[in-house]
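Written below as structure tokens is the structure these notes are about.
Protein chains in written order, with my numbering: chain A, 1 to 282; chain B, 1 to 266.
Structure, rendered in structure tokens:
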């Protein structure tokens, strides 16, 4: 194949991924003309891209059949990537028990560069629960789970983190949130097991426990989240001995797994990992 | 005229190449594996040059990472998640494969899961024609009756099967073909394990035949089964045997996708 057709194939692959990245965040099905307008591409190119994407199940037709939504292959690819984290599989063995004992959504987060990555989650059995998705990524300071990890980093590493966010996404760490983050990191360093953040406006309560190796270094973190009780009788979830015992078992299991298999991307320079679509949701 | 035909040809070529790129990304997901250029080109029957170009495109997009000569899924895949949506459950994973089986045979296709000592129908598509097996979602049958049930029962640990027989003896009989003795049931279980599927010839209702395949879950326990069934006049043992390789191919694809979610489904 000559270099001219190589170039045209590269352009058409780029079109395909541009179309995909436009469809995914859209909360409503989206049609050829709208995509064509937004990407300034001829409808025929959009149509061709959609044929490839639909054939390989990265997109699917919406209910009216003329517009497109994310297809099942998106989930499959994401899940396969998450399965690279063997801690994900290990975590599920204990998350069901923890979710049952607390009634709340329970998730395990690992560090990926300067982000937390949710690798395993089990929804709480209570009627109203915090819906989370494996694969969610957030900057470390934006969630209690991330703060639990930040609390375990050296001061130099925390400075490097601030520099990274300041350079790449300054809007995510203004002066006020920077001060708040410093306080939370200090609290995380002095606390043995728990960080609490109450988001009254969202009526959600989130706790995070750093999951440590026997030498005290942090492997990952555990988040437990659910609605704040309406009656206001309890705004704190106090970890009882049963819960702490389950967390201890989870830590042991993750440490053993990590010693055997390691963590993907752990040797990648954290500054090199910039995720386009990280979400600041807790 | 010639220019238009050239353009059409080039468009087709581009489509083929981009579909290849997407299919390679799907392959990394379905196999959960690491591939090199040579291995991938052999696997897909394409030239090394084509494989290399597709892999390079995927690395450029951040979906794959290269480690020496090998490629694997990269963290750029995380950019594909935008808003909270639950991971697919067993029913949505199986759905396109039920559709394929239905299109292939025109017969009733059923998705079942185990619920204690029963098999429960959770999804399916009804056959086409005057004579069909009625699809009744929510229907449950004991684990020793029907191919759908026995495809699940056969893959439980031996002790679990013995406990089931103990709890449910005497085993309920629905037709003269229902396997109602311990010996008959164990013979069928051994055959099912050997073949990888269960068959039922008029063991629940007279006049119907079916074949069922287990879909395994964590720790090799069966999560459920997929059944194709029809009236015996049309869906005879001979037809089942002829269609078997096509059934196995479709079920194999379904099992691969279900295996991705093994740990998170429980």
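Cβ coordinates follow ideal geometry from the N, Cα and C atoms, glycine included.
Residue i, buried or exposed, once every other Cβ within 10 Å from all chains shown has been counted against 16
| i | result |
| --- | --- |
| residue 186 of chain A | exposed |
| residue 91 of chain A | buried |
| residue 212 of chain A | buried |
| residue 147 of chain B | buried |
| residue 118 of chain A | buried |
| residue 83 of chain A | buried |
| residue 138 of chain A | buried |
| residue 131 of chain B | exposed |
| residue 267 of chain A | exposed |
| residue 65 of chain A | exposed |
| residue 79 of chain B | buried |
| residue 237 of chain B | exposed |
| residue 245 of chain B | exposed |
| residue 226 of chain A | buried |
| residue 124 of chain A | buried |
| residue 17 of chain B | buried |
| residue 115 of chain B | exposed |
| residue 134 of chain B | exposed |
Segment limits, beta strand (DSSP E) that includes residue i
| i | result |
| --- | --- |
| residue 211 of chain A | 204-212 |
| residue 110 of chain A | 105-112 |
| residue 227 of chain A | 218-227 |
| residue 70 of chain B | 70-73 |
| residue 85 of chain A | Note, residue 85 of chain A: premise wrong, no beta strand (DSSP E); not H, not E. |
| residue 142 of chain B | 140-142 |
Whole-number beta carbon distance between residue j and residue i, since they are thought to touch under 8 Å
| i | j | result |
| --- | --- | --- |
| residue 107 of chain B | residue 127 of chain B | 4 Å |
| residue 32 of chain A | residue 43 of chain A | 5 Å |
| residue 122 of chain A | residue 257 of chain A | Not really, about 18 Å apart at Cβ, beyond 8 Å. |
| residue 81 of chain A | residue 59 of chain B | No, residue 81 of chain A and residue 59 of chain B are not in contact; Cβ-Cβ is about 14 Å, not under 8 Å. |
| residue 199 of chain B | residue 211 of chain B | 5 Å |
| residue 152 of chain B | residue 119 of chain B | 6 Å |
| residue 91 of chain B | residue 122 of chain B | 6 Å |
| residue 273 of chain A | residue 75 of chain B | 6 Å |
| residue 152 of chain A | residue 69 of chain A | Not quite, the Cβ-Cβ distance comes to about 40 Å (not below 8 Å), so this is no contact. |
| residue 240 of chain B | residue 97 of chain B | About 18 Å; that fails the 8 Å criterion. |
| residue 141 of chain B | residue 204 of chain B | 7 Å |
| residue 100 of chain A | residue 132 of chain A | Contact doesn't hold; Cβ gap of about 17 Å is too wide. |
| residue 209 of chain B | residue 235 of chain B | 5 Å |
| residue 76 of chain A | residue 29 of chain B | 5 Å |
| residue 101 of chain B | residue 144 of chain B | 24 Å between Cβ atoms; not a contact. |
| residue 78 of chain A | residue 165 of chain B | Actually they do not touch by this definition, with Cβ atoms about 42 Å apart. |
Contacting residues, own chain, Cβ-Cβ under 7 Å from residue i (five flanking each side not counted)
| i | result |
| --- | --- |
| residue 1 of chain A | The predicted position of residue 1 of chain A is uncertain, since its pLDDT is 46 and thus under 50; a value taken from the coordinates is nonetheless stated next. Contacts found: none. |
| residue 207 of chain B | 231 and 232 |
| residue 168 of chain A | 274 |
| residue 249 of chain A | 94 |
Beta-carbon proximity list for residue i, same chain, < 6 Å, skipping 5 on both sides
| i | result |
| --- | --- |
| residue 45 of chain A | 15 |
| residue 145 of chain A | 109, 116, 208, 221 and 223 |
| residue 159 of chain A | none |
| residue 283 of chain A | Here chain A comprises residues numbered 1 to 282, so residue 283 of chain A is not present and cannot be evaluated. |
| residue 49 of chain A | 15, 16 and 19 |
Same chain, Cβ closer than 8 Å to residue i, five either side skipped, listed in chain order
| i | result |
| --- | --- |
| residue 72 of chain A | 57 and 60 |
| residue 88 of chain B | 261 |
| residue 264 of chain A | 84 and 85 |
| residue 165 of chain A | 114, 139, 141, 172 and 173 |
Paired residues, beta bridge with residue i - DSSP
| i | result |
| --- | --- |
| residue 94 of chain A | Answer is none; residue 94 of chain A lacks a bridge partner. |
| residue 115 of chain B | B/118 |
| residue 210 of chain B | B/200 and B/229 |
| residue 179 of chain A | None, per the DSSP bridge assignment. |
| residue 139 of chain A | A/115 |
| residue 121 of chain A | A/107 |
| residue 108 of chain B | B/229 |
| residue 216 of chain B | B/222 |
| residue 125 of chain B | B/109 |
| residue 66 of chain B | B/71 |
| residue 70 of chain A | A/59 |
| residue 28 of chain B | Paired residue(s): none; residue 28 of chain B is not in a bridge. |
Extent of the continuous alpha helix (DSSP H) run through residue i
| i | result |
| --- | --- |
| residue 158 of chain A | 155-168 |
| residue 153 of chain B | 147-153 |
| residue 44 of chain A | 43-55 |
| residue 239 of chain B | 237-260 |
| residue 32 of chain A | 32-39 |
| residue 61 of chain A | Premise fails: residue 61 of chain A lies in the beta strand (DSSP E), 59-61, not in any alpha helix (DSSP H). |
| residue 270 of chain A | Note, residue 270 of chain A: premise wrong, no alpha helix (DSSP H); not H, not E. |
| residue 144 of chain A | 144-150 |
| residue 271 of chain B | Any answer about residue 271 of chain B is impossible in this case: the structure gives chain B only from 1 up to 266. |
| residue 195 of chain B | 182-195 |
| residue 255 of chain A | 241-261 |
| residue 53 of chain B | 48-60 |
**Members of the segment 88-120 of chain B that neighbour chain E once the beta carbon cut-off is set at 9 Å** = Judged by its chain identifiers, the structure shown contains no chain E, and its protein chains are A and B.
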